[in-house]
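Top to bottom, those sequences are chains A and B.
Residue numbering for the first sequence follows the working numbering, beginning at 1279 and increasing consecutively.
Residue numbering for the second sequence follows the working numbering, beginning at 70 and increasing consecutively.
Each residue gets a CB set at the ideal place from its N, CA and C atoms; glycine is no exception.
In this text the structure is predicted, and so the values were computed from the model without any measurement.
Heads up, the thing below is written out as structure tokens.
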Amino acid sequence: MDMEEFASGKSWVHNLDPRVKIVVTLVFSVVVALNNHIEMTAISLILPAFLLVCARLDFGKVTERLAIVNTFVLFLWLFLPFSAPGETVYSIGPLTIQREGIYQAFLITLKSNSIILMALALLGTSQIFTLVHAMSHLWVPDKLVHLFFFCFRYIHVINDEYHRLSNAMKMRGFKPKTNIRTYRAYSYLVGMLLIRSFNRSKRILQAMRCRGFKGKFYILHHYEMKRYDYAVGSSSLAFTILLMVAK
Amino acid sequence: MHISEGVLSAPVLGAGAVLTFAGLAIGLKRMDYEKLPEVAVLSSVFFVASLIHVPIGPSTAHLILNGLCGVLLGWMAFPAIFVGLALQGVLFEFGGITTLGVNTFNMAFPAVIMGFICRYFIKSPRLAVRVISEFVAGAGAILLSGLLVAVCLVVALGESMDSAAKLVVLAHIPVMIIEGLITVFVVEFILKVQPEML
């Protein structure tokens, strides 16, 4: 399973300093999430769209991601236009469509997609370990950074283990259905994963002790901000601040 | 259920962020370096479990297991769930940065509460007491999470979300039952195979 499918490309967006990526995404997301102007939100889409194009990501795959994420927004579309108080635009039988509700739903759709595209363009184009390393330079507590590091490291191992167990179940003719037997089988699968992982974590701890772990990872490679990191970072932040002020 | 970006209002997002920050602080304080690998690896298991889809009638639901997480990790469920959700956000764009606080709280707070309530009874020698408390831990955590999501939607988007909020809670009911059953089986399995884990 390749979970970081956008991270392997080659472009200047991929090569940006991960600290810049995190800070820009964070500031941009907060500004867009907290604004309430449709025009501003529509304009905000320019920055993530530009970055996505520059990163040369597979257009089909990006749309696929967006479609999955937009199911929640779609769910809101089922309710907002019909029940918000306000001016009635159109009525079908007992249902009335309200201008206010449509406006709200539209705003949410734009906001949501703008922020998601930004995260996709900047964070999605970095390896998780790179981002985790960058977090340690951004005042994230050490323990949390280590938690991210170990958690992501072992997701792959445990995912492999899950597939091994699940294949073994399939070979024995297991077919999931809606019954207690199925749930029990899945529970034992999860239970087994938990127990094996618990024991694995004990071995990890022993290995760390053997290597004299004292609550610190020594990092050999350090990031260096290059000229274009400053340029891209400051222009993106300037764009975001303009968005905030312009309203 | 993850609330996506751009839906909630500033007060809800802010409250979620502050509460999650507090939960994280407590959780990280309790987690010393002896405990770190265990929390991290269990957090990976919950991440992988959330990719497992179990059938419910004609549809499927993915496992959440936050009740089980609370039973196993107590306050440390906060950092474990936070890390899982942050990774899901970056890898699959579920949830997101601004909603990370709210989503973590909605999942981790029920986990901690249920963990506290049920942890004592799970050690009982009587099977009936154990089974009931395990079911309550699994189902209760989902119910509480569903209620929290519903409250967030109503507070952020106004009364127009009333029917949507009810639907969110109703949709959690079948998931609740399944999570309750699975929590019973998993905890009983662990008690049989490796009781020192609890």
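For a contact defined as C-beta to C-beta under 9 Å, what are the partners of residue i on chain A?
i: tyrosine 102/B; result: Lys1421, His1424, Leu1483, Met1486, Phe1491, Lys1492, Gly1493
i: alanine 79/B; result: Ala1311, Leu1312
i: alanine 197/B; result: Ordered by position in chain A, no residue passes the 9 Å Cβ test against alanine 197/B, which lies about 17 Å from the chain.
i: alanine 233/B; result: Phe1353, Leu1354, Leu1356, Phe1357, Leu1358, Ser1361
I'd like to know if residue i contacts chain B, where contact means its C-beta is closer than 8 Å to some C-beta of that chain.
i: valine 1468/A; result: yes
i: phenylalanine 1517/A; result: no
i: tyrosine 1496/A; result: no
i: leucine 1409/A; result: yes
i: threonine 1403/A; result: no
i: isoleucine 1370/A; result: no
i: valine 1351/A; result: yes
i: leucine 1354/A; result: yes
i: serine 1307/A; result: yes
i: arginine 1505/A; result: no
i: isoleucine 1406/A; result: yes
i: isoleucine 1386/A; result: yes
i: threonine 1366/A; result: no
i: isoleucine 1324/A; result: no
i: isoleucine 1458/A; result: yes
i: valine 1347/A; result: yes
Within the same chain, show all residues whose beta-carbon is closer than 6 Å to that of residue i, passing over the 5 residues directly before and after it, in chain order.
i: threonine 1374/A; result: Thr1366
i: serine 78/B; result: Ala225
i: phenylalanine 1428/A; result: none
i: phenylalanine 1426/A; result: Val1410
i: histidine 1424/A; result: none
i: threonine 1387/A; result: Val1351
i: leucine 1385/A; result: Ile1316
Name, please, each residue of chain B whose Cβ falls closer than 7 Å to the Cβ of residue i.
i: proline 1454/A; result: Val123, Pro124
i: leucine 1400/A; result: Those do not exist, as leucine 1400/A stays about 10 Å from chain B at its closest Cβ, beyond 7 Å.
i: serine 1465/A; result: Ile251, Phe254, Val255, Phe258
i: arginine 1462/A; result: Phe254
At a CB-CB cut-off below 9 Å, which residues of chain B make contact with residue i?
i: alanine 1397/A; result: Glu74, Gly158, Val159, Glu162, Gly165, Ile166
i: lysine 1389/A; result: Glu74, Gly75, Val76
i: lysine 1341/A; result: Correcting the residue type first, residue 1341/A is threonine in the shown sequence and not lysine. Per Cβ cutoff of 9 Å: no residues; threonine 1341/A is ~12 Å from chain B at best.
Whose Cβ in chain A lies nearer than 7 Å to the Cβ of residue i?
i: glutamate 107/B; result: Phe1476, Ser1479
i: proline 148/B; result: Leu1422, Leu1425
i: leucine 97/B; result: Pro1419, Lys1421, Leu1422
i: methionine 230/B; result: Phe1357
Tell me residue i's beta-bridge partners as DSSP assigns them.
i: tyrosine 1368/A; result: Ile1375/A
i: isoleucine 125/B; result: Ser128/B
Between which residues of its own chain and residue i is the CB-CB distance below 8 Å, once the five residues before and five after are set aside?
i: leucine 88/B; result: Gly170, Phe174, Phe178
i: isoleucine 95/B; result: Trp144, Phe147
i: valine 205/B; result: Met183, Ile186, Cys187, Gly249
i: leucine 82/B; result: Thr167, Thr168, Gly170, Val171
i: alanine 130/B; result: His122, Val123, Pro243, Val244, Ile247
i: cysteine 221/B; result: Ile72, Leu77, Val81, Gly85, Val171, Asn175
i: valine 181/B; result: Gly92, Gly139, Gly143, Trp144, Ala146, Phe147
i: valine 237/B; result: Met70, Gly215, Val218, Ala219, Leu222
At the 8 Å Cβ level, is residue i part of the contact set with chain A, yes or no?
i: valine 87/B; result: no
i: isoleucine 154/B; result: Reading off the sequence shown, one finds leucine at residue 154/B, where the question assumed isoleucine. For leucine 154/B, the answer is no, since every Cβ of chain A falls outside 8 Å of its Cβ.
i: serine 214/B; result: no
i: serine 113/B; result: yes
i: valine 110/B; result: yes
i: serine 202/B; result: no
i: alanine 219/B; result: no
i: alanine 210/B; result: no
Can you list, in chain order, the residues of its chain with a C-beta nearer than 7 Å to that of residue i? Leave out the 5 residues immediately preceding and following it.
i: alanine 1399/A; result: Val1291, Pro1326, Leu1329, Leu1330, Ala1333
i: glutamate 74/B; result: Gly165, Thr167, Thr168
i: serine 193/B; result: Arg199
With hydrogens ignored, establish whether the beta-carbon of residue i is closer than 7 Å to any heavy atom of the ligand PLP.
i: leucine 111/B; result: The ligand PLP is absent from the structure shown, which contains no ligand whatsoever.
Which residues of chain B have a Cβ atom closer than 8 Å to the Cβ of residue i, listed in chain order?
i: glutamate 1282/A; result: Leu160
i: isoleucine 1393/A; result: Glu74, Gly75, Gly165, Ile166, Thr167
i: glycine 1379/A; result: Ser229
For residue i, which residues in chain A fall below 8 Å Cβ to Cβ?
i: valine 117/B; result: Ile1433, Ile1436, Asn1437, Tyr1440, Leu1471
i: methionine 266/B; result: Leu1472, Ile1473, Phe1476
i: methionine 183/B; result: Chain A residues near methionine 183/B: none, gap ~17 Å exceeds 8 Å.
i: leucine 82/B; result: Ala1311, Leu1312
Worksheet item: Going along the chain, which residues of the stretch 238-263 of chain B sit with their C-beta nearer than 7 Å to a C-beta in chain A?
Response: Within the stretch 238-263 of chain B, the qualifying residues are Ile247, Leu250, Ile251, Phe254, Val255, Phe258, Ile259, Val262, Gln263.
Worksheet item: What residues from the stretch 1427-1440 of chain A come within 7 Å of chain B, judged by C-beta to C-beta, listed N to C?
Response: Closer than 7 Å at the C-beta level to chain B, one finds these residues of the stretch 1427-1440 of chain A: Phe1428, Cys1429, Phe1430, Tyr1432, Ile1433, Ile1436, Asn1437, Tyr1440.
Worksheet entry | Residues within the stretch 1284-1304 of chain A neighbouring chain B, beta-carbon criterion of under 7 Å | Residues of the stretch 1284-1304 of chain A that bring their beta carbon within less than 7 Å of a beta carbon in chain B comprise Thr1303, Leu1304, in sequence order.
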